[in-house]
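Residue numbers (full-length UniProt numbering), protein chains in the order written: chain A, 1 to 412; chain B, 1 to 412.
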């Protein structure tokens, strides 16, 4: 099955990516803007989150309420998010409503009002979001893990700080917008029942007049993982939250598929090692997983487990043991399962317009091109045990940062 | 677009439902078995959850590990869940792997091993799941809300109790299985790129020999919501969790669409009243919503808000105010947005095989037939303000049960 993938860079630098999925009736779209938490001024951490919330509160000729109503009238299931590096604005709607929805987002991106009278409510929400985290230990431990492992600004929690949010003025939000919202910082991806020529013309009409500026630089910071580190956060909880992280390869690295396959052996499905060895065999913890995450210049392997305090030490030891013994060998059968799992999720993901939009954006952002499903399938087919073992020997669990949150520290 | 929907009841009483979605490559399947938490013996609460976990640990000729591997080899993205009334076992896979996957589930449902040596680990996991709840205040308050509102056994938390889980023996699991796992208690739904004649033949071959028994009765208990009730649970949290519930109509009731539309006015998208009035206008809370839930014999309206303790009283008051003022009037424009929102989500849901399987099962279970999308769209089109207002006047927020979890009680 041939994929219908299109890319176009507008003369002002804005990128448009699209995939036609002729058998669906919906269309998903996503604007990614390089203006995330890493670009917050150090005394105003949380500013980009305030912007993300305020930017939807009125744009073009519509005030806050009218703008929200207009999107809802089109049945747009919308979402906004603040990331470490990028902000995301997007939604899913019926393909027939795509053009009017993009028209509203053209206003949102180019002509937002940032109403001062709504700033206080937005600040209150942002502060609540930070306070909520105290009641969500599983999220909290991951936030603390990244803070302790990545150098600033990569390790920041995009929620910011209460102090930073409180001092921010509407002028700060407007300055952050003026500095980072311009076409060369924006990738728009669309997937669904689209007509490429019409979409391209629409986007040129709606965004072609946006003034060009130099793209925002990627925040340079030293590579991590040179030294092991352990941080315990004391809290009276019923579960001990355990998280760890160590260096792997970035997405653009030729070893990328090998890194993912190695994580797959540990944690892909219910036959994977962590689930089987730590959860099923010993009933040590309810939840345990490993995952891979990447920035443009680096990648990492993360692992998480939540366990009763009296079993936390054994849970940690067994999890670490599974990570460390990976270079010792992988069964051919395990690899086959990982291949099937990776391919099945790839093909099933293809059926959702929202997932396709994420893939288009992510490929373009990290690799500068869009991989076809056939290319990814072929790379998965070519995986073999010896190449994966070579990779895990080259990138063993070293320089591990461990963070625990709970009633007692562990021996690490 | 005509829908290709099929239903068939096997001579032994098992129900098969299917929908052909010719443009996808995946197939989703779900077995619903009437054997949930409401059927646990009172001194062994949590038994059905133990069964749900143990039943995947070996069946037919495969032991625990082999069974798990066999599913993973087919790329089945599987899930099991224990509900109040029903258990669910299902997954999504490539349509080409559907038959071998159903073959494995035929073993799981009819020939499970329930290995005694794995019971202890399963009990440990179940107890951790209960203990986890203490660190998840938002889930905890909803569990306590249902416990306080619905009469036993409907109000039970399907997680059970530590005492109930600890005393359960493998014989109890086997007895629960023998009592409830028979064809007339089972609905199998499949959606995807299927061939109905082949599927039906496969299912008859795989499940036709399963011995018929009388279906398990629905657990009768008195109707709820006659008296208002307030319960506060003291806990040192950074957020006060607020939940409330009151009676509405069951799914089979002719007012069902009216009840959903009324909840839609309150809480469907970002223009809805609760989000606008409680969250956006005053920044009182980060999360606030209302929803509708139904059992076979009753329905309820629920509302939730999580707020900083010092703003909890105002959050509660404003939320309640929005519920109470609904009968006073609904703007035509609000209804139009609800109609667009309900229809858009309906059409977009249609694109996921997993969502279609849930709809097939739910329609059959609650209504005894399967609604086409055209029928639901027509019912949504016919909604009008005066009918919704009549409905909310007949089913106002009365006999409300309120549960709060946090540092201080509210004035209710």
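Just so it is clear, CB atoms sit at the ideal spot from N, CA and C, and this is done for glycine as well.
Beta-carbon spacing of residue i, residue j below 8 Å
i, j, result
"residue 413(A)", "residue 157(A)", "A question about residue 413(A) goes unanswered here, because the residues of chain A that appear run from 1 up to 412."
"residue 119(A)", "residue 170(A)", "yes"
"residue 406(B)", "residue 229(B)", "no"
"residue 106(A)", "residue 207(A)", "yes"
"residue 263(B)", "residue 290(B)", "yes"
"residue 3(B)", "residue 73(A)", "no"
"residue 108(A)", "residue 55(A)", "yes"
"residue 353(B)", "residue 21(B)", "yes"
"residue 124(B)", "residue 160(B)", "no"
"residue 410(A)", "residue 404(A)", "yes"
"residue 298(B)", "residue 389(B)", "no"
"residue 79(B)", "residue 271(A)", "no"
"residue 151(A)", "residue 248(A)", "no"
"residue 378(B)", "residue 343(B)", "no"
"residue 239(B)", "residue 172(A)", "no"
"residue 387(A)", "residue 258(A)", "yes"
"residue 137(B)", "residue 241(B)", "yes"
"residue 293(B)", "residue 300(B)", "yes"
"residue 303(A)", "residue 315(A)", "no"
"residue 418(B)", "residue 295(B)", "Nothing about residue 418(B) can be reported from this structure: the residues present for chain B run from 1 to 412 only."
Reduced DSSP secondary structure (H/G/I, E/B, other) of residue i
i, result
"residue 404(A)", "strand"
"residue 2(B)", "coil"
"residue 66(B)", "helix"
"residue 88(B)", "strand"
"residue 77(B)", "strand"
"residue 176(A)", "helix"
"residue 377(A)", "helix"
"residue 48(A)", "helix"
"residue 358(A)", "helix"
"residue 257(A)", "helix"
"residue 301(A)", "strand"
"residue 35(A)", "coil"
"residue 82(B)", "strand"
"residue 137(A)", "helix"
"residue 59(B)", "strand"
"residue 241(B)", "strand"
"residue 219(B)", "coil"
"residue 294(B)", "strand"
"residue 437(A)", "Because chain A here runs from 1 to 412, residue 437(A) falls outside it and cannot be looked at."
"residue 234(A)", "strand"
Bridge partner(s) assigned by DSSP for residue i
i, result
"residue 229(B)", "401(B)"
"residue 8(A)", "16(A)"
"residue 365(A)", "Per DSSP, none; premise fails for residue 365(A)."
"residue 29(B)", "91(B) and 190(B)"
"residue 24(A)", "Partner(s): none; residue 24(A) has no beta bridge."
"residue 289(A)", "304(A)"
"residue 246(A)", "301(A)"
"residue 151(A)", "Answer is none; residue 151(A) lacks a bridge partner."
"residue 112(A)", "59(A)"
Cβ-heavy atom distance, residue i to the ligand SAM, below 7 Å
i, result
"residue 174(B)", "Ligands are entirely absent from the displayed structure, and the ligand SAM is therefore not among its contents."
- Inspect the CB distances between the stretch 306 to 314 of chain B and the stretch 275 to 284 of chain B and report whether three or more fall short of 8 Å. yes
- Task: Please confirm if the stretch 185 to 200 of chain B is in contact with the stretch 22 to 40 of chain B, defined as three or more CB-CB distances below 8 Å between the two stretches.
- Result: Because the criterion of three Cβ pairs below 8 Å is met, the stretch 185 to 200 of chain B and the stretch 22 to 40 of chain B touch.
- Give the residues from the stretch 286 to 316 of chain A that approach chain B closer than 9 Å (Cβ to any Cβ), ordered along the chain. The residues in question are 286, 287, 306, 307, 308 and 311.
- Three or more C-beta pairs closer than 8 Å, one from the stretch 94 to 103 of chain A and one from the stretch 35 to 51 of chain A: is that the case here? no
- Task: Compile a chain-ordered list of the residues in the stretch 265 to 277 of chain A whose CB is closer than 7 Å to at least one CB of chain B.
- Result: 269, 270 and 271
- Task: Take every Cβ of the stretch 30 to 44 of chain A, pair it with every Cβ of the stretch 76 to 84 of chain A, and state whether three or more of those distances are shorter than 8 Å.
- Result: yes
- Item | Under 7 Å (Cβ pairs) to chain A, residues found in the stretch 133 to 150 of chain B | 134, 135 and 137
- Message: For the structure I just gave you, are there three or more beta carbon pairs, one from the stretch 263 to 277 of chain B and one from the stretch 318 to 338 of chain B, closer than 8 Å?
- Response: Counting C-beta pairs with one atom in each stretch, the stretch 263 to 277 of chain B and the stretch 318 to 338 of chain B have three or more that are closer than 8 Å, which means they touch.
- Item | Touch test, the stretch 356 to 373 of chain A against the stretch 8 to 22 of chain B, Cβ-Cβ under 8 Å, three pairs minimum | no
- Message: At a CB distance below 9 Å, what residues from the stretch 349 to 382 of chain B approach chain A? Give them in sequence order.
- Response: 350, 351, 352 and 353
- Is the stretch 264 to 274 of chain A touching the stretch 244 to 255 of chain A in the sense that three or more CB pairs, one from each, lie closer than 8 Å? no
- Name the residues in the stretch 13 to 25 of chain A whose C-beta lies less than 8 Å from a C-beta of chain B; which are they? 23, 24 and 25
- Message: Under 8 Å, CB to CB, which of the residues in the stretch 392 to 410 of chain B have a partner in chain A?
- Response: Those would be none; no residue qualifies.
- Task: Taking 8 Å as the threshold, find out whether the stretch 176 to 185 of chain A comes into contact with the stretch 212 to 219 of chain A through three or more Cβ pairs.
- Result: yes
- Item | Near-chain B residues of the stretch 93 to 105 of chain A - C-beta to any C-beta below 7 Å | 93 and 94
- Closer than 8 Å, Cβ to Cβ, to anything on chain A: give me those residues from the stretch 332 to 347 of chain B, in chain order. Of all residues in the stretch 332 to 347 of chain B, 333, 336, 337, 340, 341, 343, 344, 345 and 347 have a Cβ within less than 8 Å of some Cβ in chain A.
- Query: Taking Cβ-Cβ distances below 7 Å as the criterion, which residues of the stretch 38 to 56 of chain B are in contact with chain A?
  - Reply: none
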